[in-house]
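Counting in our numbering, the sequence shown runs from 114 upward without gaps. A quick write-up on the structure given underneath.
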Amino acid sequence: MIKPLFFILLFQLSLFSCDEKHSSSKDFNRSPHKSTLERKLVDLSHTYSHETVYWVTAKEFKLDTVFNGHTDKGFYYSANNFSTAEHGGTHIDAPIHFAEKGQTVDEIPLNKLIGQAIKIDISSRALNNPDYLINIDDLIEWETKEKTKIPKGSIVLLQTGFSQYYPDKIKYMGTDERGELAVKELHFPGLSAEAAKWLVEQRSINAIGIDTPSIDYGQSEYFESHVILLSQNIPVFENLTNLHKLPNYGFEIIALPMKIKGGTGAPLRIVAIIE
Ligand SMILES: [Zn+2]
């Protein structure tokens, strides 16, 4: 009985060392340099400039030059000041934006902002109807086509195709007027309240994003999808771009907003990493 035991032990030891060799070569393959070469990065943020699209009542982006040129000490120096509303251009809605006890932008956990993502392309319908409401059937259609449920904890990106109009305000959001009266003139697609509720209750998503100015459609009066998502601490990314460059699944999102203490939202740099 001693002999076989000894051989089993020897066999297990050799397996263990083989495993070790394996994992160290895997680690080498996963070095940051190699992974950058193998993965494709897609920028999903619009640039901030005088053209940046804001909500019709929000203060727009402003960049003021502090200094730009050669100093009297002989070196070149350049610096600016900027000011902006929290909600404009590619930005995040923090839960507190529509939920009294929701997280502020600095309190959103990083695991809601970084993770596995999917894309749902409803542009063929939305581009024909600027008042299109993305519904539960659109989401189920994606699941049927991809033969999988929307994974729990996903970041879900909704592609309406409207980012192709940015920054033409009339095409992108229905009006280039500004102020309270212009709110009624807003036309762009968004997520229906029923679909928002379904994503929260049936699929437990981590975050959601869209390539229009708002997760609720332009004609919304009660911003129900905002309330449903944000009251569950699900952050919302708005005014995204380049979604047509993403596959339907098999990519990760890194969405890092400016960390404003007590902020209800903030400018957002968001990138996709395609495996
Ligand atoms: Zn917003």
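The C-beta atom is built at its ideal place from N, Cα and C for all residues, glycine as well.
Same chain, Cβ closer than 6 Å to residue 388, neighbours up to 5 away in sequence not counted: As a first step, residue 388 must be located in the sequence shown, where it is residue number 275. Counting only Cβ-Cβ distances below 6 Å, and skipping sequence neighbours, we find 363.
Item checked: C-alpha distance - residue 283 paired with residue 197, whole-angstrom precision -> Your numbering for residue 283 matches position 170 in the sequence shown. Your numbering for residue 197 matches position 84 in the sequence shown. The straight-line gap from Cα to Cα measures roughly 21 Å.
Can you give me the start and stop residues for the beta strand (DSSP E) that residue 95 sits inside? Shown here, the chain extends from 114 to 388; a query on residue 95 therefore has no answer.
Practice task
Flag residue 351 as yes when its Cβ comes closer than 7 Å to any non-hydrogen atom of ligand 1, and as no otherwise.
Solution key: The residue you call residue 351 lines up with position 238 of the sequence shown. Under cutoff, so the answer is yes.
task: Let me know the beta strand (DSSP E) ranges lying completely inside the segment 290–355, each 3 residues or longer, listed in chain order.
output: 320–323, 349–351
Check whether the Cβ atoms of residue 347 and residue 321 lie closer than 8 Å to each other. Residue mapping note: residue 347 aligns to position 234 of the sequence shown, counting from 1. Residue mapping note: residue 321 aligns to position 208 of the sequence shown, counting from 1. Yes.
- Query: For residue 350, does the count of other Cβ atoms within 10 angstroms reach 16, so buried, or fall short, so exposed?
  - Reply: Position 237 of the sequence shown holds residue 350. Looking at its Cβ environment, which holds 16 or more other Cβ atoms inside 10 Å, residue 350 is buried.
Could you have a look at residue 178 and say whether DSSP puts it in helix, strand or coil?
To locate residue 178, count along the sequence shown from 1; it is residue 65. Correct three-state label for residue 178: strand.
Does the Cβ of residue 186 have 16 or more other Cβ atoms within 10 Å, making it buried, or fewer, making it exposed?
Start at 1 with the first residue of the sequence shown, and residue 186 comes out as number 73. Residue 186 should be labelled exposed.
#### Entry: Minimum C-alpha distance to residue 305 - residue among 221, 247, 201, 377
Here residue 305 corresponds to residue number 192 of the sequence shown, with the count starting at 1. The candidate whose alpha carbon is nearest that of residue 305 is 247.
Q. Between residue 329 and ligand 1, is the CB less than 7 Å from at least one heavy atom?
A. Start at 1 with the first residue of the sequence shown, and residue 329 comes out as number 216. Every heavy atom of ligand 1 is 7 Å or more from the Cβ of residue 329, so no.
Q | Option in 221, 353, 265 with minimal Cα separation from residue 229 | A | If you number the sequence shown from 1, residue 229 lands on position 116. Nearest option by C-alpha distance: 265.
>> What would DSSP say about residue 200, mapped onto helix, strand or coil?
In response: Counting from one through the sequence shown, the residue named residue 200 turns up at place 87. If DSSP states are grouped into helix, strand and coil, residue 200 belongs with coil.
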